[in-house]
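If you read the protein sequences in the order shown, they are chains V and B. The opening position of the first sequence corresponds to residue 1 in the numbering used here, with each subsequent residue numbered one higher. The opening position of the second sequence corresponds to residue 1001 in the numbering used here, with each subsequent residue numbered one higher. Single-structure report; data block below.
There are 2 protein chains.
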Amino acid sequence: MSANSRLTVAVHILSWMALVARKRADPVTSERIALSVNTNPVVIRRTLGLLHKAGLVRSHRGVNAGWTLAKSAAAITLRDVSAALEQEGPFGLHASPPNPGCPVGRGIQPALSRVYGSLDHLIQQHLARTTIEQVLADTLSMTPGSNGI
Amino acid sequence: MSANSRLTVAVHILSWMALVARKRADPVTSERIALSVNTNPVVIRRTLGLLHKAGLVRSHRGVNAGWTLAKSAAAITLRDVSAALEQEGPFGLHASPPNPGCPVGRGIQPALSRVYGSLDHLIQQHLARTTIEQVLADTLSMTPGSNGI
DNA sequence: CATAGATGTAACAAAAATGGTTACATCAAG
DNA sequence: CTTGATGTAACCATTTTTGTTACATCTATG
C-alpha cells in the first residue's frame, strides 16, 4: 500500500458509472462497481456517500436500487471529485508545534502555510482541467474493442 | 497528527541552519536543531541524513561535530528539499489492482498515472520557485526584533 | 401488505505509515 | 585516549487507511 487511493477509487467509480450509463439509465449497485474496482462494496458505498453529499451522484433505494450520475461525465471535473472527498493537502505542518521561543519556530508555520496554500490552489486548478469524460476516453483508448464489464 | 510533516521539518531545519550561519560558520548539532523543531534529535538526524545524501548539507564528526549547509540558503529551493526526501506524490493508485477483465479496470491506471504525473511536475515547478532564503525571510518578518534562538 | 434487494452506517479488524525513543558502534579533534 | 557528536538499527505508540461483518432502513413490485 502506498499513499491514499481515494481519489483514484472515486474517479474509477464515476468513470465506470459513466461507461455503463452510455447503454442503460438504470441505477448500478455498489456490488457491481466493487467488481470493477476490486474491493469491498462497503468501501464503494462509503465513497459514493461523499460523492452524494457533494451532489455528484444520486442514490436510489427499495427495489431496483443503486446509484446514478447526477451530472454528465463531461460536467464533473477531478476538482469536484477531490473536493467531495474532503481530503487534506499533501503537506502538513509540524506534528507537535515548534518552539515558540525561537524566531524560526515562531514564524515558520505561517510562512509554510502560505507556500502550501498556493500549492493547493495550483493543484485544484489543475484538477479542474480534467473531466471524468476525459479520463474515461483516455482509459478506453487502451482497449479499442471489447467492453466485457 | 495530520498528514506527513517531513517537508516542513526539513525546511525548518535548513532555515534554522541558515539563520545561525549568518553569525557563525561552526557546525550545529542535531540536538540544538531539535530544540527549535521541538522533537527528538534522532528525527532530525534522520532527515539530515537524506539532505546529506542529496548534497544539501555536510556532516562533521569527532570533536566539534555537527552539520553545516553545503550551499547558500539562496541556492536551495523547496524542490531540492522535496526531492531529497524521496517522497511519493499526493495521490496513489489502487491499493489492490483493479479488475483486468473490465475495460475501466484495465485502462484507468495508465490514464490516472498521466494525470498524477503532470500534477507532480506542476508541484515540482512551483516548489522550485521558493528558496530557503525566502522562507527564512518570510519567517523572520513575523518577529522583527529578537533572535533568542 | 409482505417481500426482496439494495442503501446507509456503525463497529471492528488488519495493515501500513508516521513520529518518537533507546541504544550503541563509529569517528576525529584535542 | 578521551570526549562529544554522528549514523543507524531496532523498537514502540499512535494514527491513518483499507477491508469486513452486521444490521436497520427504505421502496418498487408481486
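For each residue, glycine too, the CB sits at the ideal point set by N, CA and C.
Among the options, nearest to residue i - alpha-carbon criterion
| i | options | result |
| --- | --- | --- |
| B:Ser1015 | B:His1060, B:Thr1077, B:Ala1084, B:Ala1083 | B:Thr1077 |
| V:Gly89 | V:Ile132, V:Thr47, V:Leu122 | V:Leu122 |
| V:Ile132 | V:Ser36, V:Pro100, V:Val37, V:Arg79 | V:Arg79 |
| V:Lys83 | V:Val63, V:Leu56, V:Cys102 | Per the sequence presented here, residue 83 of chain V reads as Ala, with Lys not at that position. If we check each option's Cα against that of V:Ala83, V:Leu56 comes out closest. |
| B:Pro982 | V:Glu86, V:Pro100, V:Val135, V:Phe91 | Nothing about residue 982 of chain B can be reported from this structure: the residues present for chain B run from 1001 to 1149 only. |
| B:Lys1071 | B:Ser1036, B:Arg1058, B:Gly1062, B:Gly1101 | B:Arg1058 |
| B:Ile1033 | B:Asn1064, B:Gln1087, B:Ile1013 | B:Ile1013 |
| V:Cys102 | B:Ser1030, B:Ala1095, B:Thr1130, B:Ser1036 | B:Ser1036 |
| V:Ala95 | B:Ser1096, B:Phe1091, B:Asn1040, B:Gly1066 | B:Asn1040 |
| V:Phe91 | V:Ala74, V:Arg45, V:Arg114 | V:Arg114 |
| V:Gly62 | V:Thr29, V:Pro100, V:Leu19, V:Ala75 | V:Thr29 |
| V:Thr193 | V:Val9, V:Val43, V:Ala74, V:Asn38 | There is no way to answer for residue 193 of chain V, as the model of chain V reaches only from 1 to 149. |
| B:Arg1046 | B:Val1009, B:Ala1065, B:Thr1143, B:Leu1019 | B:Val1009 |
| B:Ala1003 | V:Gln87, V:Leu19, V:Gly66 | V:Gln87 |
| B:Pro1100 | V:Leu19, V:Glu31, V:Thr143, V:Trp67 | V:Thr143 |
Residue-chain proximity (residue i, chain V), Cβ-Cβ < 8 Å
| i | result |
| --- | --- |
| B:Ala1123 | Residue identity check: residue 1123 of chain B is Ile in the sequence provided, not Ala. It does; some Cβ of chain V falls within 8 Å. |
| B:Pro1041 | no |
| B:Ser1096 | yes |
| B:Ser1036 | yes |
| B:His1126 | yes |
| B:Arg1106 | yes |
| B:Asp1120 | no |
| B:Thr1143 | yes |
| B:Ala1003 | yes |
Residue i at chain B interface by Cβ criterion, 8 Å
| i | result |
| --- | --- |
| V:Gly148 | Bear in mind that a pLDDT of 46 at V:Gly148, under 50, signals an unreliable position, so the model cannot answer this. |
| V:Asn99 | yes |
| V:Asp26 | no |
| V:Gly130 | The question names Gly, but residue 130 of chain V is Thr in the sequence shown. Output row for V:Thr130: interface = yes. |
| V:Val115 | yes |
| V:Glu88 | yes |
| V:Ala111 | yes |
| V:Leu93 | yes |
| V:Thr139 | yes |
| V:Val135 | yes |
Assumed close pair residue i, residue j - CB separation to whole angstroms, cut-off 8 Å
| i | j | result |
| --- | --- | --- |
| V:Leu151 | B:Ser1005 | Past the edges of chain V, shown from 1 to 149, lies residue 151 of chain V, and the structure says nothing about it. |
| V:Leu112 | B:Val1011 | 6 Å |
| V:His60 | V:Pro98 | At roughly 51 Å, the Cβ-Cβ gap does not stay under 8 Å, so V:His60 and V:Pro98 are not in contact. |
| B:Met1017 | B:Leu1069 | 5 Å |
Near the ligand SAM: residue i beta-carbon under 7 Å from a heavy atom
| i | result |
| --- | --- |
| B:Trp1067 | Questions concerning the ligand SAM fall outside what the structure shown contains, since it holds no ligand whatsoever. |
Touch test, the stretch 100–112 of chain V against the stretch 1127–1141 of chain B, Cβ-Cβ under 8 Å, three pairs minimum
Result yes; three or more Cβ-Cβ pairs closer than 8 Å.
Do the stretch 1112–1131 of chain B and the stretch 115–134 of chain V touch if we need at least three Cβ pairs shorter than 8 Å?
Flag = yes, the stretch 1112–1131 of chain B and the stretch 115–134 of chain V touch.
Positions along the stretch 5–20 of chain V whose CB lies within less than 8 Å of some CB in chain B
Residues of the stretch 5–20 of chain V with a C-beta atom less than 8 Å from some C-beta of chain B are Ser5, Leu7, Thr8, Val9, Val11, His12, Ser15, Trp16, Leu19, listed in chain order.
How do the stretch 1022–1038 of chain B and the stretch 44–61 of chain V stand: do at least 3 beta-carbon pairs fall below 8 Å, yes or no?
Under the three-pair Cβ rule at 8 Å, the stretch 1022–1038 of chain B does not count as touching the stretch 44–61 of chain V.
Going along the stretch 1066–1086 of chain B in order, which residues come within less than 8 Å of chain V, judged by CB to CB distance?
Answer set for the stretch 1066–1086 of chain B: Leu1078.
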